[in-house]
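In my numbering, the protein residues as written are 1 to 639. Just so you know, even glycine gets a beta-carbon here, dropped at the ideal spot from N, CA and C. Report on one structure; see the data block that follows.
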């Protein structure tokens, strides 16, 4: 699981099994879609049904059907069929059909167009992890596509549940989820806070019990400003077995300790490294005095040797392959690399713990009240004296001890022999998520200016800038120019450097010239917008907002903007000190006068929190007031 977790809609997991009817027949004409479901929608989920049947022997079968109407080009992302399988599952009965806007069948997708490819191409260790893919080509909008498939499981520790919405900008006409259990099947399920649907219950002569959840006529949801996570804010059902056996390893979802016991067993005996590597580790730690320094040396050695291959938990296997395999091939997934790093630390006698986490920049936390593998990533935890340090083992760039937005502020499962438990990771405050701009404008009488600029990105703020350090100079310049609101800018030099601490700092330095810093008036005065560096985008109006407001993390932005006044000019007007406060954050503007110059210290802080949708107007008002303060001008008058 690398930096971005794959969006939910990318894999449309074999959905569906009953019908929408018109005069006793299915009617996929676009005209049959209620008008309210077309509003703000790029696609409509016309019908889906998943039937999951769990048998006594621990086997399970999933029968599915999905019908989606693609309304326009922006809805194309919903057209794909993607289904993973491995040695514990098999997929069959795949079919695809395309209908035109009138519901008339255009074509049946031939079996030769169903690709069967390796899920991890180029890595022979994972030949048993594969994926079935259909990528239909049809561009006469609107059109409708139907998929059906069956999937059998011989082992499982988490079942496919139910998510009413496949993504943003798609409405849902009808969605059904059937959970059918044999008399002795031990399965648990739990809805999230947004699921208020009561299931219908029925049984057959064999004692199988079926619970059915139905959702009809859900309008499309737009990606709204400051939105939370769609799949947390909309109906979702989690389903898992109480106990399971995977490849001979027995596991239990009855407690986090028991699930951790299973994960621990998977890694037992896989920490052996060659004698030459042991000698190298001891050589690395010999010159350091503390466990923190020793661990850092080993971590940086590991980063320099290995490369990452993305194999998701639940697809490419659940068990980390042995440390000596990493040594042989110098690559691995999150499980393998975390296990390898732990093995190196074991050689040095440094305590560490393998951890499971649901990772991703904006991924919601796990449901702590539903014990099951809700995780998608593995990393390490090191208790170093009074400090707890986390190691991201899949990155060759992330500094030692920094886990950042990928795994911060969420619950993880610490895997320990007979003592696994949940723990919450670092919560970064404003000082650990901060952007500081220092700009010096040397203004000439002809309205040109030389600019010296230094920007420091601290902690979480580095996550969105670190990639730039590996980009070509042209790309780096493009990024800076897009950020600035200055006209006719020439970048004379631009450099990046990083302090790789547990809270990293990336420094960007630039020297620039501007041909026109402000506007010259009829009387030769110069009108300069004081903030052309960090203006906020205007928030768009949203009527009938559907999702809550989420400010994921505390954030701070501090701008020091200094202007040296050219000879022959005096300050006639300048921005006034301002303080704005709200539940969402605080804005302050300070003014500092000096001989021949004036400086403005602008601070904007955002407060972490979740707010109800109806507070959006309050948020708009706060940001509008910030923008008004930022639009104040500095007026230089010719003497």
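Using a 10 angstroms sphere on the CB of residue 235, the tally of other CB atoms reaches 16 or more, which defines it as buried. In the DSSP annotation of this structure, the continuous segment of the beta strand (DSSP E) that includes residue 499 starts and ends at 487 to 499.
Our two residues, residue 545 and residue 616, have alpha carbons roughly 8 angstroms apart in a direct line. The region 32 to 71 is shown to contain whole beta strand (DSSP E) runs of 3 or more residues at 43 to 54, 60 to 70, in chain order. Every beta strand (DSSP E) stretch that sits fully inside the region 105 to 154 and reaches 3 residues is listed by chain position as 105 to 108, 115 to 118, 130 to 134, 143 to 153.
In the DSSP assignment, residue 340 falls outside any beta strand (DSSP E) and within the unbroken alpha helix (DSSP H) covering 334 to 347. The C-alpha of residue 73 lies about 27 angstroms from the C-alpha of residue 537. In terms of Cβ geometry, residue 241 and residue 151 do not form a close pair [threshold 9 angstroms]. By the neighbour-count definition (other C-beta atoms within 10 Å, threshold 16), residue 172 is a buried residue. Setting aside the 5 residues that flank it on each side, residue 321 is surrounded in the same chain by 336, each with a C-beta closer than 6 angstroms to its C-beta; the list follows chain order. The Cβ atoms of residue 189 and residue 161 lie closer than 9 angstroms to each other. Going by beta carbons, residue 156 and residue 246 fall inside the 9 angstroms limit. Taking 9 angstroms as the cut-off, the beta carbon of residue 634 is found no closer than this to the beta carbon of residue 601. The region 82 to 101 makes contact with the region 131 to 146: 3 or more CB pairs, one atom from each, lie closer than 8 angstroms. Closest by C-alpha distance to residue 308, out of 291, 299, 326, is 326. Contact annotation: the region 573 to 590 does not touch the region 257 to 276, with fewer than three C-beta pairs closer than 8 angstroms.
441 is the residue among 441, 273, 446 whose C-alpha sits nearest the C-alpha of residue 452.
The criterion of a C-beta distance shorter than 9 angstroms is satisfied by residue 533 and residue 559.
Beta-carbon to beta-carbon, residue 460 and residue 405 are separated by about 5 angstroms, close enough to satisfy the 8 angstroms threshold. At the C-beta level, residue 130 and residue 117 come within 9 angstroms of one another.
Under the rule that a run must span 4 or more residues, the alpha helix (DSSP H) segments found entirely inside the region 221 to 284 read 230 to 233, 256 to 267. For the pair of segments examined, the region 87 to 97 was found not to touch the region 207 to 215: the number of CB pairs separated by less than 8 angstroms stays below three.
Rounded to the nearest whole angstrom, the C-alpha separation of residue 363 and residue 638 is 55 angstroms. Here DSSP, grouped into helix, strand and coil, assigns residue 301 to helix.
Look at residue 483 here: in three-state DSSP terms it is helix.
Under the three-state reduction of DSSP output, residue 467 falls in the helix class. By the Cβ neighbour-count rule, residue 467 is exposed, with fewer than 16 other Cβ atoms within 10 Å of its own. At a Cβ-Cβ threshold of 9 angstroms, residue 514 and residue 556 do not count as neighbours. Under the rule that a run must span 3 or more residues, the beta strand (DSSP E) segments found entirely inside the region 162 to 203 read 170 to 181, 187 to 191, 200 to 203. For residue 419, DSSP records no beta bridge to any residue. Contact check for residue 56 and residue 182: beta-carbon distance about 5 angstroms, within the 8 angstroms limit, so the pair qualifies.
In this structure, the beta-carbon distance from residue 519 to residue 496 does not fall below 9 angstroms. Nearest Cα to residue 238 within the set 369, 58, 552, 388: 369.
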